[in-house]
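Engineer:
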Ligand SMILES: Nc1ncnc2c1ncn2[C@@H]1O[C@H](COP(=O)(O)OP(=O)(O)O)[C@@H](O)[C@H]1O
Ligand SMILES: [Mg+2]
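Residue numbers (our numbering): 11 to 271.
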């Protein structure tokens, strides 16, 4: 049996639910343009969360299907990541396809490039936390600045501001472009909890269906530390609990005299 089949078999017994109904922290990895590192960050994040033993799903919303390719490559012996692919040619609607196993605790969405307007707003609506990868080059900083501005102006962000962070990717610190990126983020008061270095470790990991976390070797220590910092920031947002508690409050009014835990 192929890895993919083995992997699917593990999850098949479980009902799929709309991502809107998940009791999970749903993380959107998005940027206005391609090539900034959305897939690299989505796959590494999913692998890291899966390693913690928490049920993790990776939604590939980019028609290029790069995250889905990674899921298919992933060794069945590694902590599983459930892959969901949106099929642009399907007759079903996107929201029907955006379903994940009910026990998912972390959903990571690899967004398509170039989203704006209502499509961007819809994706924001269905997620609890947003990561924007940015490469510290002048052109990337300019397009990302515009994109972050658009994100902050979506109806759903204005109504309920989700935690948002920039992940500086392929960073060469101490360069002029890096300095400009820092200045820009500080001016918007947007955190950038980690910087990922430009390394072949990422290129190799992608082609092997792995994340940095799947390499215990010393050669990956520095990258693992970069990821630990990002994961700590995500955990500190405490989204899962807050979101679920709010949902419980909305859907099941507590009986008289009882308190929600
Ligand atoms: N930190 C990194 N170090 C080295 N190569 C990287 C890094 N991040 C991304 N890349 C490479 O850059 C290219 C674009 O990254 P990718 O994650 O596919 O971007 P996106 O999904 O935003 O289009 C890929 O070939 C990827 O392997
Ligand atoms: Mg991609």
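Heads up, the beta-carbon is just placed ideally off N, CA and C, and yes, glycines get one too.
#1: For the stretch 88-133, which segments carrying the beta strand (DSSP E) assignment without a break, of at least 3 residues, lie completely within its bounds, in sequence order?
#2: Does the beta carbon of residue 209 fall short of 6 Å from some heavy atom of ligand 1?
#3: Ends of the beta strand (DSSP E) at residue 177?
#4: Can you give me the C-alpha to C-alpha distance between residue 29 and residue 120, rounded to a whole angstrom?
#5: For ligand 2, is there a heavy atom less than 6 Å away from the beta-carbon of residue 154?
#6: If you drop the 5 nearest sequence neighbours on each side, which residues of the same chain put their C-beta closer than 6 Å to that of residue 131?
#7: Ordered along the chain, which non-local residues of its own chain (more than five positions away) have a Cβ less than 7 Å from that of residue 176?
#8: Is residue 95 close to ligand 2? I mean its beta-carbon at under 6 Å from any heavy atom of the ligand.
#9: What does DSSP give as the partner residues of residue 204 in its beta bridges?
#10: What does a CB cutoff of less than 6 Å around residue 35 pick up in its chain, not counting 5 residues either side in sequence?
#11: Starting from the Cα of residue 129, find the closest Cα among 239, 51, 42 and 151 and give me that residue.
#12: Can you determine whether any heavy atom of ligand 2 sits closer than 6 Å to the C-beta of residue 82, and answer yes or no?
#13: Exposed or buried, which one is residue 213 when buried takes at least 16 other CB atoms within 10 Å?
#14: Using the beta-carbon count (16 or more within 10 Å), is residue 25 buried or exposed?
#15: Between residue 169 and residue 134, what straight-line distance do the alpha-carbon atoms span, to the nearest angstrom?
Structural biologist: Let's see:
#1: 91-95, 109-111 and 116-120
#2: Locating residue 209 in the chain shown gives position 199, counting from the first residue. Correct: residue 209 has its Cβ closer than 6 Å to ligand 1.
#3: Taking the chain shown and counting its residues from 1, one reaches residue 177 at position 167. Segment 174-181, the beta strand (DSSP E) holding residue 177.
#4: The sequence position of residue 29 within the chain shown is 19, counting from 1. The sequence position of residue 120 within the chain shown is 110, counting from 1. Their Cα atoms are separated by approximately 14 Å.
#5: Start at 1 with the first residue of the chain shown, and residue 154 comes out as number 144. No; taking the cut-off as 6 Å, the Cβ of residue 154 has no heavy atom of ligand 2 nearer than that.
#6: On the chain shown, residue 131 is found 121 positions in, with the first residue counted as 1. Here the set comprises 164, 165 and 166.
#7: The sequence position of residue 176 within the chain shown is 166, counting from 1. 142, 144, 195, 200 and 202.
#8: One-based indexing of the chain shown puts residue 95 at position 85. It does not: the Cβ of residue 95 is nowhere closer than 6 Å to a heavy atom of ligand 2.
#9: What you label residue 204 is simply residue 194 of the chain shown in a count that begins at 1. The beta-bridge partner set that DSSP reports for residue 204 consists of 177.
#10: Position 25 of the chain shown holds residue 35. Within the same chain, residue 35 has close Cβ partners 116, 138, 249 and 250.
#11: Residue numbering aside, residue 129 sits at position 119 when the chain shown is read from its first letter. Comparing C-alpha distances from residue 129 to each of 239, 51, 42 and 151 shows the shortest one belongs to 42.
#12: Your numbering for residue 82 matches position 72 in the chain shown. It does not: the Cβ of residue 82 is nowhere closer than 6 Å to a heavy atom of ligand 2.
#13: Looking up residue 213 in the chain shown gives position 203. Looking at its Cβ environment, which holds fewer than 16 other Cβ atoms inside 10 Å, residue 213 is exposed.
#14: Here residue 25 refers to the residue found at position 15 when the chain shown is read from its first residue. Exposed: under 16 other Cβ atoms inside 10 Å.
#15: In the chain shown, the residue the question calls residue 169 occupies position 159. In the chain shown, the residue the question calls residue 134 occupies position 124. Using only the alpha carbons, I get a separation of about 11 Å.
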